[in-house]
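These notes are about the structure you will find just below.
Residue numbers (the numbering used here): 25 to 378.
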């Protein structure tokens, strides 16, 4: 019975339960809206299938010209266009490898090889070329006004083939990976925290940040380390040409196709968690996707000097060694903090962080 001036305990419990249920409903609806926003954003900014097909055809045309001077060579499309993480308008990354033997080009250096390729392309195509010889790794920059494509060719950068295949497999392990990676990459670009030449994050580094979070920052993990689940398949002991064949044939190992994560978080919840994770992250440690956890910082200035340390899954070098200016590091941290705050105190919609 209700006593005048007093609230019966069962009625109080009913009110608390109602308020809690409504709050949970509002929270879930907010996350559902954010998930919808992420899917829409991914569809609007990711590279279209038509563009990817155009890049592959362009690669084939370039390869035909290269084969005239370098038979038994293969031009491999690497990077985001092959991983499903590409944003529309990104450049074409290519590397040339031998398919008939281990990497060996006689007495020719990579620079000499690129010089010969440049001459062949100038003679037979309308592609504008520029040889960048001053870079640590020489590249031949290409610009095809007719096709509306730009890119670069490197020589025998096998690590890029291994990493492209690894990223592609991570993207296929769970349907939430690609939209989350594409959205975060686009956010990072819009926030002005990308560009290794500006001492900020490369696109590859951003991808590794997302994968590491899905391994380490979620409970249970969305992803596990592929190099731990199947070390034989994801190793540099396999030749780059074999890995390139898998890359081009869309071949995926069973550990990827049969993977099923126990984590049921929505994309909205994962994005909020991503910013929370890195806002509270200890940047003194090394992020290792290979280990799905941190590793000790090597005693080397390429590791101790930069403010962010992300391990390359294969050559185990520091992917973010260019982030050695404190101002750039502060810009990166501030971008994470701003995104976290806007999602927490706003309407929790994606447009608030762009």
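We treat Cβ as the ideally placed atom computed from N, Cα and C, and that holds for glycine. These numbers come from a predicted model, not from an experiment.
Check	Outcome
Where residue 316 and residue 272 are concerned, what is the direct C-alpha to C-alpha distance, given to the nearest angstrom?	27 Å
Since residue 184 and residue 170 should fall inside the 8 Å C-beta cutoff, what is the C-beta to C-beta distance between them, to a whole number of angstroms?	That belief does not hold up - the Cβ atoms of residue 184 and residue 170 are roughly 26 Å apart, past 8 Å.
By how many angstroms is the C-alpha of residue 330 removed from the C-alpha of residue 132?	34 Å
Pop quiz: residue 141 and residue 181 are said to be a contact at Cβ under 8 Å. What is the actual Cβ separation, rounded to whole angstroms?	14 Å between Cβ atoms; not a contact.
Quick check on residue 352: does DSSP put it in helix, strand or coil?	helix
Rounded to a whole number of angstroms, what is the C-alpha to C-alpha distance between residue 159 and residue 100?	20 Å
Using 10 angstroms around the beta-carbon of residue 372, count the other beta-carbons present and answer buried if the total reaches 16, otherwise exposed.	buried
Between residue 204 and residue 212, is the Cβ-Cβ spacing less than 8 Å?	no
Which runs of the alpha helix (DSSP H), 4 residues or longer, sit entirely within the stretch 264-330?	264-273, 278-281, 291-303, 325-328
Expressed to the nearest angstrom, what Euclidean distance is found between the alpha-carbon atoms of residue 110 and residue 71?	5 Å
Among residues of its own chain, excluding the 5 on either side of residue 367, which ones have a beta-carbon nearer than 7 Å to its beta-carbon?	296, 299, 376, 377
Between residue 219 and residue 118, what straight-line distance do the alpha-carbon atoms span, to the nearest angstrom?	19 Å
Can you name, in chain order, every residue of its own chain whose Cβ lies under 8 Å from the Cβ of residue 208, other than the five neighbours on each side?	230, 233, 234, 295, 298
DSSP on residue 179, reduced to helix/strand/coil?	strand
Looking at residue 121: is its Cβ nearer than 8 Å to the Cβ of residue 268?	yes
Could you name each continuous beta strand (DSSP E) segment of 3 residues or more that falls completely within the stretch 76-137, going from the start of the chain to the end?	97-102, 116-122
Can you tell me which of the three DSSP states residue 168 falls into?	strand
Assess, as a yes-or-no matter, whether the stretch 252-262 is touched by the stretch 301-311 under the definition of 3 or more beta carbon pairs within less than 8 Å.	no
Name the two residues that bound the continuous beta strand (DSSP E) containing residue 151.	Here residue 151 belongs to no beta strand (DSSP E), and DSSP marks it neither H nor E.
Helix, strand or coil for residue 235, going by three-state DSSP, please let me know.	helix
Short check: CB of residue 107 to CB of residue 191, under 8 Å?	yes
Beta-carbon separation of residue 153 and residue 163 under 8 Å?	no
Could you check where the alpha helix (DSSP H) with residue 250 kicks off and where it finishes?	250-253
Given residue 270, which residues of its chain have a CB within under 7 Å of its CB, disregarding the five upstream and five downstream residues?	189
May I have the straight-line CA-CA distance separating residue 77 from residue 323, to the nearest angstrom?	44 Å
Would you tell me roughly how many angstroms separate the C-alpha atoms of residue 215 and residue 292, rounded to the nearest one?	19 Å
Between which residues of its own chain and residue 59 is the CB-CB distance below 7 Å, once the five residues before and five after are set aside?	290, 291, 292
I'd like the list of long-range same chain contacts for residue 337, defined as Cβ closer than 7 Å, with 5 residues on each side in sequence excluded.	187, 190, 251, 313, 314
Please return the same chain residues whose Cβ sits closer than 8 Å to the Cβ of residue 98, not counting the five positions on each side in sequence.	87, 120, 121, 122, 123, 265, 268
Between residue 362 and residue 139, what straight-line distance do the alpha-carbon atoms span, to the nearest angstrom?	46 Å
Less than 8 Å separating the beta-carbons of residue 114 and residue 206?	no
State buried or exposed for residue 14, treating a residue as buried only when at least 16 other CB atoms are found within 10 Å of its CB.	This structure gives no information on residue 14, because the portion of the chain shown stretches from 25 to 378.
Within 10 angstroms of its Cβ, does residue 344 collect 16 or more other Cβ (buried), or is it exposed?	buried
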